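Residue numbers (our numbering), protein chains in the order written: chain R, 926 to 1090; chain B, 23 to 154. All C-beta atoms in this analysis are idealised placements derived from N, C-alpha and C, irrespective of residue type, glycine included. Just so we're clear, the structure is a prediction, and the values are computed from it rather than from any experiment. Reviewing the structure listed below.
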Amino acid sequence: MRAKDIALIGLLSATLTAGKLALAFVPNVEIVTLLFIIYSIVFGIKRTLLVSIIFTTTEIMIYGFNTWLLVYYIIWPALVIISGIIGKKVKTEYGFAFLAGIYGLSFGLFFAVSESFFYGIGYGITYWVKGLPFDILHGFSNFILVLILFKPLKNTLDRQVEKYI
Amino acid sequence: MNKKILIIILAVVLAGGLFVAYDTILAPKGVEGEKEVIIEVVVDKEDINETFTLNTDQEFLLGLLEEKQEKLGASFTEYDFGTMVTGMKGYEAQESEQEYFHVTVNGEDAQTGPKEIPVKDGDTYKFELKTY
């Protein structure tokens, strides 16, 4: 790995944490999914996987260790891999908006499965059902954000990559 | 009209529809009308073991606790995830000692917070000080 890559991974990780904190006051509206999808396509799976691990570790440093953070170590790298793979075939923002929407809608389910291991299936189901309004908000806001911002962000980053990387 | 704007409007309408569907089908529902319920408070370390028979029109447990706050000596703390009962009969659960009030409904562990627990006639709600 080149020094340039190390600096880049640090910068990208910082943008994710800053992006998340900037929107933290709006429940379940976030740009983390959008950024992971774009970074995977523009900077490649390998670099973005490292970014996802740094991002989650930073979350632990900010919020302390919680069972739900374990899921972050699985779902963000999984999103990076999925985005990187489908990015080779899907070229329009619609496919990625759909992916981000599904991801947001399933978010509560991912955590409910993980919580079930710790506190039982009954708790997991309650957790999921109780969080469904937040999942709906998350899924649809993800869909709309990616639909609007994917193209301009990707074009800007593509130009920067040509210049500096 | 721009195709993208049309899709966004459709998405917003669909999300609104899903919210309404959730509220109609899945959201916890309160029961209207007068109810008689039992509230038990157990704090072993303070030798508190009291039972209250209460009449209320409140639809959810939090409303009942707020209505009878003085009698029950209840206090609450607001968290991001909702309101928790942190005091009963004047005893405050000590977070530093990992204490909390464990809530059971008719002997079964409550799966949600008091704001979402519907009050039903004849139910028994127990608040027992425990440690986690």
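For a quick check, are the C-beta atoms of R/Val957 and R/Lys945 less than 7 Å apart?
yes
If we cut at 7 Å on Cβ distances, does R/Leu882 have a partner in chain B?
Coverage of chain R is limited to positions 926 through 1090, which leaves residue 882 of chain R absent and any answer about it impossible.
Which residue from B/Phe103, B/Ile31 and B/Gly95 puts its Cα closest to that of R/Gly1056?
B/Phe103
According to a CB-to-CB cut-off of less than 9 Å, which residues of the region 57-90 of chain B neighbour chain R?
Going along the region 57-90 of chain B in chain order, one finds no residue with a Cβ nearer than 9 Å to chain R.
Residues of the region 28-43 of chain B whose Cβ lies closer than 9 Å to any Cβ of chain R, in chain order
Ile29, Ile30, Ala33, Val34, Leu36, Ala37, Leu40 and Phe41
Classify B/Pro140 as helix, strand or coil using the three-state DSSP reduction.
strand
Going along the chain, which residues of its own chain have a beta-carbon closer than 6 Å to the beta-carbon of B/Val64, five neighbours each way excluded?
Asn71 and Glu150
Bridge partners - R/Val951, DSSP secondary structure assignment
For R/Val951, which the question treats as bridged, DSSP gives no partner whatsoever.
Report the residue from B/Asn24, B/Gly95, B/Val127 and B/Asp69 whose alpha carbon sits nearest the alpha carbon of B/Leu83.
B/Val127
Option nearest B/Thr99 by Cα separation, candidates B/Tyr122, B/Glu56 and B/Gln80
B/Tyr122
Rounded to whole angstroms, what's the CA-CA distance from B/Gln113 to R/Pro1058? Just pull it up for me.
Residue identity differs from the one stated: residue 113 of chain B is Tyr in this sequence, not Gln. One alpha carbon belongs to B/Tyr113, the other to R/Pro1058, and they sit about 35 Å apart.
What does B/Lys26 touch in chain R if you count any residue whose Cβ is under 8 Å from its own?
The answer, in chain order, is Leu1072 and Ile1073.
Sub-7 Å separation of R/Trp1053 and R/Leu1034 beta-carbons
yes
Given that R/Leu1057 touches chain B, what residues does it touch there, using C-beta distances under 8 Å?
Tyr44 and Leu48
First and last residue of the beta strand (DSSP E) that includes B/Asn24?
Premise fails: B/Asn24 is in no beta strand (DSSP E) and is neither H nor E.
Which residue wins for smallest C-alpha separation from R/Ile1006, given the options R/Gly969, R/Leu994 and R/Ala947?
R/Gly969
Using DSSP's beta-bridge definition, name the partner residues of B/Leu76.
B/Val59
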